[in-house]
Each structure stands twice: as C-alpha cells, then as structure tokens.
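Let me begin by presenting the structure, written as structure tokens, before commenting on it.
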Amino acid sequence: MKQSRTMSLVEAITNVIVGYGIAVVTQILIFPIFGLHTTLTQNLKMGAVFTVVSIARSFALRRMFEAFRIH
Numbered sequence: 090m091k092q093s094r095t096m097s098l099v100e101a102i103t104n105v106i107v108g109y110g111i112a113v114v115t116q117i118l119i120f121p122i123f124g125l126h127t128t129l130t131q132n133l134k135m136g137a138v139f140t141v142v143s144i145a146r147s148f149a150l151r152r153m154f155e156a157f158r159i160h
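Quick note on my numbering: the sequence shown kicks off at 90 and runs consecutively.
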C-alpha cells in the first residue's frame, strides 16, 4: 500500500524536527570536547543552518536520482 501525500508530509516534517534536535544536542555534547564553547542560542542557530543545508542536499539528491530514473 502506498503512503498518502499527507503521511509523506508528516514523515518529512518529523524527519526535519528530529534531525534538528539531534544536531543541536550533538553540538552541545561534542563541541566542548574540541574546546568550542557556544551558547544555547548559537547552537540553535547553527542547528537551523545545518538543517537547511540538509534539506537542500536531500532535495538535490532526490531530483538527481529522479532524473536518472527517467532516462
């Protein structure tokens, strides 16, 4: 059975939210090990940037693979 468009959207949004949370928590835990000390606000902003980059990468790869599939 195919996934509905609504559930695909819910899955995509959930993936982005979870990814953002993981990015921020990872930064908070890992940055100090490398001597980087950032505020929560900075971590939230960096997480947002990483999330936008991840969405753009995912979109570009999906379109590239779709183009390969068509030809």
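We put the beta carbon where it would ideally sit given N, CA and C, even for glycine.
Nearest-angstrom beta carbon gap, residue j and residue i [assumed within contact, 8 Å]
i    : j    : result
V105 : I159 : Not a contact, Cβ separation roughly 27 Å.
A112 : F139 : 5 Å
Proximity of residue i and residue j at Cβ, strictly below 8 Å
i    : j    : result
T130 : F120 : no
Own chain residues within Cβ distance below 8 Å of residue i, not counting five before or after
i    : result
Q116 : T127, N132, M135, G136
Q92  : E100
Spatial neighbours of residue i in its chain, beta-carbon cut-off 6 Å, leaving aside the 5 residues before and after
i    : result
Y109 : G136, T140
Item to complete: Scan the stretch 124 to 149 and note each continuous beta strand (DSSP E) run of 3 residues or more that stays entirely inside, going in chain order.
Response: none
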